[in-house]
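This report refers to the structure that appears directly beneath it.
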Amino acid sequence: MTNDVKNVHNVHKANDTGIAHKAYDLSHLTVLISGASVAGPALALNLLRHGAQVTVVERAPELRGGGFAVDFRGHVHRKVLTEMGIWDEIHARQTHMGRQMVVDADGAPKVDLPSEMMSGDVEIFRGELARLMYERTRDRAEYVFGDSVATLTDTPHGVDVTFDNGPARRFDLVIGADGLHSRTRSLVFGEDSGHLRFLDHYVAGFDVPNHLGLDRTGRVYSEPGRAIAIGNYDGDPDRAGALLVFRSERLSYDRRDVAAQKRILADRFAGTGWEGPNVLKALETADDLYFDAIAQIHVDRLTRGRVALLGDAGYGATMGGMGTGVAVVGAYVLAGELALAGGDHRTAFAAYESRISAFAKGCQKTSGNAGPFFAPATERRIRSRDRMYRLLSSRPLAAFFKRLTEKSATNIKLPEYPA
Ligand SMILES: Cc1cc2nc3c(=O)[nH]c(=O)nc-3n(C[C@H](O)[C@H](O)[C@H](O)COP(=O)(O)OP(=O)(O)OC[C@H]3O[C@@H](n4cnc5c(N)ncnc54)[C@H](O)[C@@H]3O)c2cc1C
8 MTNDVKNVHN VHKANDTGIA HKAYDLSHLT VLISGASVAG PALALNLLRH
58 GAQVTVVERA PELRGGGFAV DFRGHVHRKV LTEMGIWDEI HARQTHMGRQ
108 MVVDADGAPK VDLPSEMMSG DVEIFRGELA RLMYERTRDR AEYVFGDSVA
158 TLTDTPHGVD VTFDNGPARR FDLVIGADGL HSRTRSLVFG EDSGHLRFLD
208 HYVAGFDVPN HLGLDRTGRV YSEPGRAIAI GNYDGDPDRA GALLVFRSER
258 LSYDRRDVAA QKRILADRFA GTGWEGPNVL KALETADDLY FDAIAQIHVD
308 RLTRGRVALL GDAGYGATMG GMGTGVAVVG AYVLAGELAL AGGDHRTAFA
358 AYESRISAFA KGCQKTSGNA GPFFAPATER RIRSRDRMYR LLSSRPLAAF
408 FKRLTEKSAT NIKLPEYPA
């Protein structure tokens, strides 16, 4: 191992100067990933490229569908997805979302939203993205559904893990890709309260009938402190997706109690104009509800010992923060650094932290306004938002806007990792 580590430093240096490198084999490395949404399967895919032995544990009984479309933008996302071998498939399955506009209570258009802002370069449903990566990895990685890490004990020889249901096991490394409310983070870095910054809004998403007859277009309707967006992303004439955003103090509810979450939404959206009554009716029978705080995760360190955080668990940005793009880049960098370091987690984790932290923070900064953007607090703020977006959708400003949103998504220098 000592020799390996020494070599790794040389190889690493050579890489940064662009000199060809040697590919490293991770077949000796056992890695447990907690969470099978976007970050987890993305890391599995990247680690399998280097031969690692990967186990993914997901609390849900099966791969979770649902969620709005997520987007990728700029050359960094493109490079990472290309290296992962899924760029073409994402393109093939992209939503082709067209015009989105802000409407008034009668559904009359008020403002066009710049498509660069809403859809990036390519957009795909979160559930489809997760499935695509799951399907590419499930034969070579071990997926365990319906279970969760219960305790983690870091030892010099590995991490001893107990589970809620399955037998205890030891892994060389454990990666927390279990989202905003990560149990891995709580177990290793302490309880949520200090890390989760609540941004005064909640977001919900679920399927609704396509009452409006939308065809790859979307509408956003805002009242002070609450908003409903409806979009038809895939041309399905019968189905659309509803996104509900509301301003709120921090709520206390059971995150696994879907009925309680539906009650909160029914209460908050009672009396909403436009499609409000239809959306609430569809909510009653929705079986794919996503409901969460709009919040960000800020931790001092992404790694401790043999455990690292990835995606929303470590640097969650929720809506508008390119959380999906950052998670995928994070997975690529973490696996790449482990490969460069021949599996030595001390070297790899240090490099992962230094490459990803500033990048993720930059993306978090651009996302701070997703709540107030959808649901401005007052009528006056709704009017000034509309004025601003009227300006932004003019052609010269739209180009400027595109550059602005791409800036944080591309603000990272990626080394060439062994393929
Ligand atoms: C069903 C679903 C719908 C979503 N819809 C939207 C949306 O409409 N808009 C939006 O902005 N973002 C949405 N997101 C969040 C979005 O996917 C993430 O912000 C982003 O893609 C980063 O992904 P992630 O994998 O880091 O975290 P997440 O996507 O949050 O995934 C975390 C995964 O870990 C699992 N998990 C949680 N706790 C445990 C545990 N203790 N043990 C094992 N597994 C655990 C979860 O079930 C989930 O599959 C959704 C997430 C999910 C899971």
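Going by this note's numbering, the first residue of the sequence shown is number 8, and it counts up by one from there.
Cβ atoms here follow ideal geometry from the backbone N, Cα and C, with glycine treated the same way.
Bear in mind the structure is a predicted one, so any value in this text is a computation, not a measurement.
Whether or not the stretch 207-225 and the stretch 80-87 are in contact is what I'm after, with contact meaning three or more pairs of Cβ atoms, one per stretch, closer than 8 Å; do they touch? no
State buried or exposed for SER1, treating a residue as buried only when at least 16 other CB atoms are found within 10 Å of its CB. Only positions 8 to 426 of the chain appear in the structure, and residue 1 is not among them; the question remains open.
Candidates TRP281, LEU341, HIS188, PRO174: which alpha carbon is nearest ILE363's? The shortest Cα separation from ILE363 among TRP281, LEU341, HIS188, PRO174 belongs to LEU341.
State buried or exposed for LEU316, treating a residue as buried only when at least 16 other CB atoms are found within 10 Å of its CB. So LEU316 counts as buried.
Within the continuous alpha helix (DSSP H) that includes LEU345, where are the two ends? 330-347
Is the distance from the Cβ of LEU187 to the Cβ of GLY323 below 8 Å? yes
Around the C-beta of ALA148, are 16 or more other C-beta atoms found within 10 angstroms, so that it is buried, or is it exposed? Buried, by the Cβ-count rule.
Measure the alpha-carbon distance for MET91 versus TYR339 and round it to whole angstroms. For MET91 and TYR339, the distance between alpha carbons rounds to 8 Å.
Shorter than 7 Å, the distance from the beta carbon of MET329 to the closest heavy atom of ligand 1, or not? no
Beta-carbon contacts of SER415 that lie in its chain and below 6 Å, excluding the five residues immediately before and after: Listed in chain order, the non-local C-beta contacts of SER415 below 6 Å within the same chain comprise GLY369, CYS370, THR373, local neighbours out to five positions each way being set aside.
Roughly how many whole angstroms lie between the Cα atoms of GLY198 and ASP207? It should be noted that the sequence gives Glu, not Gly, for residue 198. The straight-line gap from Cα to Cα measures roughly 20 Å.
One question on the structure: do VAL151 and VAL38 come within less than 8 Å of each other, judged by their Cβ atoms? no
GLY134 in three-state terms, based on DSSP: helix
Backbone CA spacing between ARG392 and ASP351 [nearest angstrom]: 49 Å
When the distance is taken between beta carbons, is ALA382 closer than 8 Å to PHE253? yes
Give a single yes or no on whether THR373 has its beta carbon closer than 7 Å to a heavy atom of ligand 3. Only ligand 1 can be found as ligands here, which leaves ligand 3 out of the picture.
Let's test the definition: count the other Cβ atoms within 10 Å of the Cβ of HIS28 and tell me whether it reaches 16, buried, or not, exposed. Any reading at HIS28 is ruled out, since the residue's pLDDT is 40, under 50, leaving its predicted position unreliable.
By how many angstroms is the C-alpha of PHE75 removed from the C-alpha of ARG133? 6 Å
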